[in-house]
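The block underneath contains the structure these notes are about, expressed in structure tokens.
Here's what the structure looks like:
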């Protein structure tokens, strides 16, 4: 082979030098054998070129071949290559064809070849190419596309087989092709989940051959069994181009074989394969089939080759039974084959060991700062290879991220180098789920599952699997509106202003929520105040004048049902216009409002809220049967109107709000529109406006009251946010029951608030719904959690659809900040604000990041705000030095007066006069910035949800065989933490043996039976791991040391905590 060679010249070379030697052999489960000599293979490829040319293909075209592994795929690919076209070989993964969209767009595909009997692919493509047919096509989304060619593999009626058709064609003369002409485009998603295209020239494709053969240990005349796709680097026939090895492949024309392992072994043995390229899990399955291995099997491969999946010791059993050598190969689409390791002794097979670099390759393992780490230290793998990675096609951002240093490529793998120089690759470093050789990205599946009836939120997470390393677990929350984002800062009094002077936009210290609604309705009546947008495109927009008017009309409607001044109204309606007008209408009447949702099916979480808050009135959606069923557990005579409940003596009235009326009924919104505007009740600044509900670190509902004056102070705390963003329109999905959702910001600044309004089922494509909402409403600032934006960042089809829109600022709250969250800088915004706080004392600290290249620091929440102090203390409440971790306490200047009717909880939260304990762990650096790492107490912070393990532990103690139980946190990339059940076996002789799977089922049933309200983070909190210990670590008082137990659990699971 020379530097001037091309694929065409190599096909010709083998057809002349050894024409009768077999090149490719395809065997079907039915026993059909399609064998092509080197001469035949070149001849049939040329005939396929004629067939393609007659259908409009020409040099420089880009062909997308959607045929499965077969002779048809091979000849289409080779025929197109001989014509000078560039080939992409892949399949369609998603039924809607969405995974092919970036391939067609980025690759400038001109021609698609597919089987006309493949109904799934045709159906998927029709979603994007409405006029799909054989011949010329047009599609606005794909301007380069001009032709679809049908290849009949399994014709019906009068159809003709492709193989029969090309047999009658003349052999085309190959086009004049240069080594630097493009030959093939490989697809990879790597560590990002986005389709990325790697363009290779003829020279680069042929360069794969030598390292492939070095790794595989093949030589001319060998027979390689491989079921890998031509579209994969490991399946691409570079080995044939280089040394002419014979390729044997299974050919599934119809249904899968009944006994797949027997079929594969029969093909390998009958074709006398010298080398077998397969997966470790397939090899392990062979070891379970003693009926196959103990039969008259005289065949044995010279080598089994494993690639694409971490290899473990349990595959060593094939040595001596099916082969005399195991070769472990590691590589990437971008750089080709990089490492290999040979084993002939089963006792020497090592977990994850991929051996040393091939000739021309270098590797190193680096930390997060790209500094090389010592041997046996885990870090991120980086590769330098002679087969230079030119970058992804039309994806400069992805290319730059993958090549942080000149010549070096980051595959996104976690690895370490041994003292002997071997590289051990343990798996992916990202949130991708590695299932055998397949890298699964949860977001597309999650988006798909959201379209299923009854699904509100879904998360797909990895759980361990002994055969595939990991496998996905879909966690689903039933449909119902959300109410569980972690609460964000409350209020900080405005200092340095004299009474009676303007603080902002005409606001004075004596203002109330009602006076501010009136103010904005007069000063700028037509400016939009609240905009609710549904997935179906309905838009409920209310100007400032309309907001005030409809709130007064809602007040009339409520007063007719018994609501008045000093009443306490509990609104159980989710985020919607109905919640807005119910809450503001009650405020106009001088009532105190609480907005929340019922979480437990038996209503046990809402009873203490009603009693501590002295709730007199409940407003509930009459179509919300789950909420009504929960209320009926303690309100036996539940009906609209007067009620009595021994469990809730203050409760007098239940009001039904008709959000989804039947044909003959009026909706709540229609009803209030017909009412007169109520006269505003005289409300003072020190009257109680609202009550926020928080559970914090205790697991008990705690009520934080706020007066109108304090609500106005909450508005003041947002001054830095609005001044930094300069935004007039902002997005927030938060409920009025959350500090971040209560309209204090409207009172102070009257920014236009845009809210997603899900009236029925969730949107089919939630990320697209959000993206369209942001663009169409010209949103300039987003209040959200990092978890919500992860799916959006993975959607290249959305981010590239409109590069002119970006938010002025994104505000993160409700999650420990991590470095990777900075990925929003650039694609979505140039300003990122991270703030830390709590319901009780408001915003504590804030950190701004400016510029697309700003580097976000793990856990850094910035410096405390004006008139606030933060210190880190030890267990004795003594302040510790900088960079020393301890408990965070906050000087709040009297803003927190205590929880309603909960003096013990109040005393626990205020160990010193004027100081509040939020229950968080962190440290302060030399610059005074606060780093918040998580919760201190037994509570487990899972995304935006606080899990209190005690109720679950009490349940599990009742399970057979359990002597002791503790639920502790283990680290998780997506949700910060996940729960792990730790148990001790009952030592009594008569005690039954505990079964971990039974305990996990009990956990799942507990979550299913207990919780009513949907929550993605909480659903992730269903324990998936149960560990059995001989005993727990305890202190001198016999109490379980949960920190020590957590460390043991992490060690057992091979996990490491992220250190800030």
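Numbering (UniProt numbering), first residue to last: 1 to 1060.
Think of the CB as a built atom: it goes at the ideal place given N, C-alpha and C, for glycine as much as any other residue.
All figures in this text were calculated on a predicted structure; none of them were measured in a lab.
Span of the beta strand (DSSP E), counted from its first residue to its last, around residue i
i           : result
residue 757 : Note, residue 757: premise wrong, no beta strand (DSSP E); not H, not E.
residue 570 : 568-571
residue 902 : Counting along the chain, residue 902 falls outside any beta strand (DSSP E), and DSSP gives it neither H nor E.
residue 182 : 182-188
residue 250 : 246-250
residue 736 : Unbroken run through residue 736: none, as it is neither H nor E.
residue 955 : Residue 955 -> not in any beta strand (DSSP E); alpha helix (DSSP H) instead, spanning 950-956.
Sheet register partners of residue i (DSSP bridge)
i            : result
residue 384  : 362
residue 807  : 829
residue 945  : 942
residue 705  : 691
residue 985  : 962
residue 915  : 891
residue 1092 : Residue numbering for the chain in the displayed model covers 1 to 1060; residue 1092 lies beyond these limits and cannot be assessed.
residue 275  : 224, 303
residue 639  : Looking at the DSSP assignment, residue 639 forms no beta bridge with any residue, so it has no partner.
residue 878  : Answer by DSSP bridge pairing: none, since residue 878 is not bridged.
residue 356  : 340
residue 845  : 836, 864
residue 977  : 971
Distance between residue j and residue i (C-alpha atoms, nearest Å)
i            : j            : result
residue 871  : residue 1028 : 39 Å
residue 364  : residue 1010 : 50 Å
residue 316  : residue 224  : 20 Å
residue 634  : residue 608  : 12 Å
residue 537  : residue 778  : 16 Å
residue 218  : residue 267  : 19 Å
residue 582  : residue 944  : 26 Å
residue 614  : residue 556  : 23 Å
residue 1004 : residue 1024 : 9 Å
residue 1119 : residue 542  : With the chain covering 1 to 1060 only, the question about residue 1119 has no answer from this structure.
residue 106  : residue 80   : 19 Å
residue 480  : residue 766  : Here the model assigns residue 480 a pLDDT of 47, short of 50, so the residue's position is not dependable, and the following value carries that caveat. Approximately 15 Å between the Cα atoms of the pair.
residue 562  : residue 827  : 51 Å
residue 1047 : residue 792  : 34 Å
residue 30   : residue 257  : 8 Å
residue 857  : residue 834  : 11 Å
residue 548  : residue 131  : 51 Å
residue 987  : residue 952  : 22 Å
residue 705  : residue 619  : 19 Å
residue 924  : residue 930  : 5 Å
residue 367  : residue 379  : 5 Å
residue 318  : residue 233  : 25 Å
Residue burial classification, residue i (beta-carbon count within 10 angstroms, cutoff 16)
i            : result
residue 957  : exposed
residue 65   : buried
residue 133  : exposed
residue 565  : exposed
residue 1034 : exposed
residue 14   : buried
residue 170  : exposed
residue 489  : Note that residue 489 scores 25 on pLDDT, short of 50, meaning its location in the model is unreliable; the coordinates nonetheless yield the value given after this. The residue is buried, with at least 16 neighbouring Cβ atoms inside 10 Å.
residue 191  : For residue 191, the predicted model reports a pLDDT of 48, less than 50, meaning its position is unreliable and no value from the coordinates is stated.
residue 20   : exposed
residue 250  : buried
residue 369  : exposed
residue 674  : exposed
residue 291  : exposed
Span of the alpha helix (DSSP H) around residue i
i           : result
residue 629 : 625-632
residue 923 : Premise fails: residue 923 lies in the beta strand (DSSP E), 920-924, not in any alpha helix (DSSP H).
residue 212 : 202-216
residue 378 : Per DSSP, residue 378 belongs to no alpha helix (DSSP H) and is neither H nor E.
residue 578 : 577-588
residue 609 : 607-613
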